[in-house]
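Peer 1: Following this note's numbering, the numbering of the sequence shown begins with 669 at its first residue and continues without gaps. Ideal Cβ positions, reconstructed from N, Cα and C, are used throughout, including at glycine. These figures come from a predicted structure and were not determined experimentally.
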Amino acid sequence: MQDPDVLIIGLGPVGAILAGLCARSGLSVKVYERDHEVYKQPRAIVMDHEVMRQMNFIDCAEDVLACSKPSQGYDFINADREILTSRPPRPGLAPTGYHVANLFHQPSMERAARAKLAELPNVDIQLGVELLAVEQNDVGVNAVFRTPEGLVEQKARYLIGCDGGRSLVRRYMDIQMEDLDFNEPWVVADVKILDEDNGLSANGVQLCDPARPTTCVPSGPGRHRWEFMIQPGETAEYVTRPETLRSWISEWTDPDKVELERSAVYRFHGLVAKRWRNGRVMVVGDAAHQMPPFMGQGLCAGARDACNLAWKLLAVSKGEAPIEFLDTVEQERIPHVKDVTRGAIAMGKTVCVTDLEEAARRDAQMMADHRAGKGFAFPGPPRIKSGVMDDDAAGSVFPEAFTGDPGTPTRIDIVAGYVPLLVLKDAGDAGHSAVAALKVLSPKLRVAALSGSAEGVLPALDAEGHVARILGDAPAILVKPDRIVFGKGDCPELADAWARYLRVKPTDHAAGGQGA
């Protein structure tokens, strides 16, 4: 491969998702990864419905479903195993067409994503290499790597750090992290289920025991996870001993009915990079933020970063937007990540109480609220607040619609792909000059309609009425490639707002532009 458009450092789940999105959009991609194998230590086990739906864009949704199962309810219990509060499972599917939360096996997901990448001719993956240095200028970047054969230089137009919490790319960029005030050591243990008759709850459980706060949750088909808070004076060597973990697990089930698969010590903390871009170099995923696992949003946040970024790299590369358009990634993602992280920290601080008197007060209040029907407020992912219009739909996740034969419908996401999507109430509006202006601004834009037909317009089947409800009285709604609603209104209004968002004038594109 010649010098690629995008050089990605790190082939964890976020790096794999970003590589797949960029490559399927038409960019050439090279990925460098330090390790030879998929990371084997415990990591993510939750993929929410929004991110599950995004997996369609890299042809991995069915692979993730094959190694996952729907999340059930969630219980907070005290040291005496009494219910403090509960959240029952949500009935049915989310408007995206997937379960709200899916418990999955990350190594299986990563292997599937790598297999899909291997099928793409414009992706080159190099394993067992270490990043040593990065330089950049106005036209590209140059990175130096240590390989088994010696030092290698690689040029590219853009470099993206997906290299985790200890990111070398972030250090190169000299980016400081904002500390959101949470720092607790925990040991995480994953097991395989040997006997289904094990007495373990199908619900996720948070044990609010001041002696040892613990999380006990299913983690995909045939697997379960425990997370134990480490107490002062306990060493990593002690808490990861099989005999220690078996002893703690025995308080939940017969340890002979499970097989300890892996364990690791982590510090659960909340950190967000203060900026994500330096010229042609950016960071996303754990390189840009880390959060406690109590909401199961760590990997989901990284996947959202990748889906926010990839189409913008293409737009800038094709001259559809200036390079400064890449700043919208952090403008849109940082507030969202902070809100999610603060929600996870709030849950963590509820669980991680070790003072007996404080725990007693917490328990009494939660039980009183539970009896009164006021359950614990489980925070959910908020809307995107920046880079959208000012209406009641903007910034929300767009519902999935279907197209094709009503008897065997296909997801519009699969047909349209990872591109901007304009959904009209009536296909008769497809000939409006503003729709043509939108296509000039974003040539890959696809158009769908809830009623009527027109050449080049996908019929949008909306059996559950989700799209109609979010559209309301508006004649059209414009959706970003990551399926975040940009806004709704009439087509001229959308075209003008989209041009402002891309930071260009429609006439700039009518005359053609040069890629950055």
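1) Please determine, among E705, A1136, L1162 and E1025, the residue with the shortest C-alpha to C-alpha distance to F1066.
2) Anyone know if the C-beta pair for Y700 and Q794 falls short of 8 Å?
3) Could you round the C-beta distance between L1162 and A1084 to whole angstroms and report it? I think they count as a contact, below 8 Å.
4) Assuming contact is defined by CB atoms lying nearer than 8 Å, are I713 and L771 in contact in what I supplied?
5) Got a sec? Which residues, its chain only, sit under 7 Å from L1186 by beta carbon, not counting five neighbours each side?
6) From G1072 to L1118, what distance separates their C-alpha atoms?
7) Given that a residue counts as buried once 16 or more other Cβ atoms are within 10 Å of its Cβ, and exposed if not, what is Y906?
8) In this structure, how does DSSP classify N871 when only helix, strand and coil are distinguished?
9) Look up E787 in the DSSP assignment and say whether it is helix, strand or coil.
10) In three-state DSSP terms, what is R1029?
11) Rounded to the nearest angstrom, what separates A1012 and H1100 at their Cα positions?
12) Extract the residue ranges of the beta strand (DSSP E) inside the segment 1075-1153, only unbroken runs of 3 or more that lie entirely within it.
13) In three-state terms, what does DSSP make of G1157?
14) Using CA coordinates, which residue listed in D806, W894, A1061 and I1138 is at the minimum distance from R880?
15) Is N724 buried or exposed, if buried means 16 or more other CB atoms sit within 10 Å of its CB?
16) Look at the alpha carbon of Y654 and the alpha carbon of H937, and state the distance between them as a whole number of angstroms.
17) I'd like to check one pair, V1153 with V1056: are the Cβ atoms closer than 8 Å?
18) So what's M1057 in DSSP terms, helix, strand or just coil?
19) Pair every Cβ in the segment 746-755 with every Cβ in the segment 993-1003, then say whether three or more of these pairs are closer than 8 Å.
20) Contact check, D847 vs L939 under 8 Å by CB: the rounded distance?
21) Could you tell me the alpha carbon to alpha carbon distance between P1149 and V1087, rounded to whole angstroms?
22) My assumption, with CB atoms under 8 Å, is that S736 sits in contact with G888. Please give the rounded CB distance.
23) Using the rule of at least 16 other Cβ atoms within 10 Å of the residue's Cβ for burial, across every protein chain shown, is D865 buried or exposed?
24) Is A1128 near A1116, with beta carbons less than 8 Å apart?
25) Among T1018, R749, P910 and A1028, which residue has its Cα nearest to the Cα of P960?
26) Run the CB neighbour count on T903, radius 10 Å, all protein chains shown included, and call it buried at 16 or more, exposed below.
27) Cα separation between V674 and G683?
28) P886 by DSSP, collapsed to three states: which one?
29) Applying the 10 Å Cβ sphere with the 16-neighbour rule, what's the burial state of Q722?
30) Can you grab the Cα-Cα spacing for the pair A983 / R1168, in whole Å?
31) Kindly indicate which three-state DSSP category N746 falls into: helix, strand or coil?
32) Please report how far the alpha carbon of D849 lies from the alpha carbon of G1016, in whole angstroms.
33) Quick one: complete alpha helix (DSSP H) runs, 4+ long, within the segment 877-962?
34) Would P1050 and V933 qualify as a contact pair, given that the criterion is a beta-carbon distance under 8 Å?
35) How close, in whole Å, do the beta carbons of G678 and G808 come, if the pair is a contact with beta carbons under 8 Å?
36) According to DSSP, what are the bridge partners of P738?
Peer 2: On the basis of the coordinates in this document:
1) As a working note, residue 1066 is residue 398 in the sequence shown. Of E705, A1136, L1162 and E1025, the residue nearest in Cα terms is A1136.
2) By one-based count along the sequence shown, residue 700 stands at place 32. By one-based count along the sequence shown, residue 794 stands at place 126. Cβ distance < 8 Å, so Y700 and Q794 count as in contact.
3) Translated into the one-based positions of the sequence shown, residue 1162 becomes position 494. Translated into the one-based positions of the sequence shown, residue 1084 becomes position 416. Taking 8 Å as the upper bound for CB-CB distance, L1162 and A1084 are not in contact here, some 17 Å apart.
4) Position 45 of the sequence shown, counted from the first residue, corresponds to residue 713. Position 103 of the sequence shown, counted from the first residue, corresponds to residue 771. Taking the C-beta atoms as reference points, L771 is found nearer than 8 Å to I713.
5) Residue 1186 cannot be examined here, being either before or after the span of the chain that is shown, 669 to 1184.
6) Translated into positions along the sequence shown, residue 1072 becomes position 404. Translated into positions along the sequence shown, residue 1118 becomes position 450. The C-alpha of L1118 is placed about 12 Å away from the C-alpha of G1072.
7) As a working mapping, residue 906 is identified with position 238 in the sequence shown. Residue environment for Y906: exposed (fewer than 16 other C-beta atoms within 10 angstroms of its C-beta).
8) Start at 1 with the first residue of the sequence shown, and residue 871 comes out as number 203. Looking at N871 - three-state DSSP - the assignment turns out to be coil, as it is neither helix nor strand.
9) Here the question's residue 787 lines up with position 119 in the sequence shown. In the structure shown, E787 adopts coil according to DSSP, grouped into three states.
10) On the sequence shown, residue 1029 is found 361 positions in, with the first residue counted as 1. Three-state DSSP puts R1029 in a helix.
11) Counting from 1 along the sequence shown, the entry for residue 1012 is found at position 344. Counting from 1 along the sequence shown, the entry for residue 1100 is found at position 432. Those two C-alpha atoms are separated by around 45 Å.
12) If you keep only unbroken beta strand (DSSP E) runs of at least 3 residues inside the segment 1075-1153, you get 1089-1094, 1114-1119, 1125-1127 and 1144-1147.
13) Counted from its first residue, the sequence shown places residue 1157 at position 489. DSSP places G1157 in the strand class (E or B) of the three-state scheme.
14) The count along the sequence shown starts at 1 and reaches residue 880 at position 212. When only C-alpha atoms are compared, the closest one is W894.
15) Taking the first residue of the sequence shown as position 1, residue 724 is located at position 56. Answer is buried; the Cβ neighbour count reaches 16.
16) Only positions 669 to 1184 of the chain appear in the structure, and residue 654 is not among them; the question remains open.
17) As a first step, residue 1056 must be located in the sequence shown, where it is residue number 388. As a first step, residue 1153 must be located in the sequence shown, where it is residue number 485. A distance below 8 Å separates the beta carbons of V1056 and V1153.
18) For this step, residue 1057 is matched to residue 389 along the sequence shown. Coil, per DSSP.
19) The segment 746-755 is not in contact with the segment 993-1003.
20) The count along the sequence shown starts at 1 and reaches residue 847 at position 179. The count along the sequence shown starts at 1 and reaches residue 939 at position 271. Confirmed, about 6 Å.
21) The sequence position of residue 1149 within the sequence shown is 481, counting from 1. The sequence position of residue 1087 within the sequence shown is 419, counting from 1. The alpha-carbon atoms of P1149 and V1087 are separated by roughly 4 Å.
22) Your numbering for residue 736 matches position 68 in the sequence shown. Your numbering for residue 888 matches position 220 in the sequence shown. About 6 Å; that satisfies the 8 Å criterion.
23) The sequence position of residue 865 within the sequence shown is 197, counting from 1. Exposed: under 16 other Cβ atoms inside 10 Å.
24) In the sequence shown, residue 1128 corresponds to position 460, counting from 1. In the sequence shown, residue 1116 corresponds to position 448, counting from 1. Taking 8 Å as the Cβ cut-off, A1128 and A1116 qualify as a contacting pair.
25) Locating residue 960 in the sequence shown gives position 292, where the first residue counts as 1. Measuring from the Cα of P960, the nearest candidate turns out to be T1018.
26) As a first step, residue 903 must be located in the sequence shown, where it is residue number 235. T903 is exposed by the Cβ-count criterion.
27) Here residue 674 is taken as the residue at index 6 of the sequence shown, counted from 1. Here residue 683 is taken as the residue at index 15 of the sequence shown, counted from 1. In this structure, the straight-line span from the alpha carbon of V674 to that of G683 is close to 11 Å.
28) Within the sequence shown, the letter at position 218 stands for residue 886. Residue state, collapsed to three classes: strand.
29) In the sequence shown, residue 722 corresponds to position 54, counting from 1. The Cβ neighbour count for Q722, taken over all protein chains shown within 10 Å, is at least 16; the residue is labelled buried.
30) Position 315 of the sequence shown, counted from the start, is the residue given in the question as residue 983. Position 500 of the sequence shown, counted from the start, is the residue given in the question as residue 1168. Going from the Cα of A983 to the Cα of R1168 covers about 14 Å.
31) Here residue 746 is taken as the residue at index 78 of the sequence shown, counted from 1. It is a strand residue.
32) As a first step, residue 849 is located in the sequence shown; it is residue number 181 there, counting from the start. As a first step, residue 1016 is located in the sequence shown; it is residue number 348 there, counting from the start. A direct Cα-Cα distance of roughly 11 Å separates D849 from G1016.
33) Entirely contained in the segment 877-962, the alpha helix (DSSP H) runs reaching 4 residues are, in chain order, 904-907 and 910-917.
34) Counting from 1 along the sequence shown, the entry for residue 1050 is found at position 382. Counting from 1 along the sequence shown, the entry for residue 933 is found at position 265. Their beta carbons are not under 8 Å apart, which means P1050 does not touch V933 by this criterion.
35) Indexing the sequence shown from 1 puts residue 678 at position 10. Indexing the sequence shown from 1 puts residue 808 at position 140. Taking the Cβ atoms as the reference, G678 lies roughly 19 Å from G808, outside the contact range of under 8 Å.
36) Residue mapping note: residue 738 aligns to position 70 of the sequence shown, counting from 1. Per DSSP, N770.
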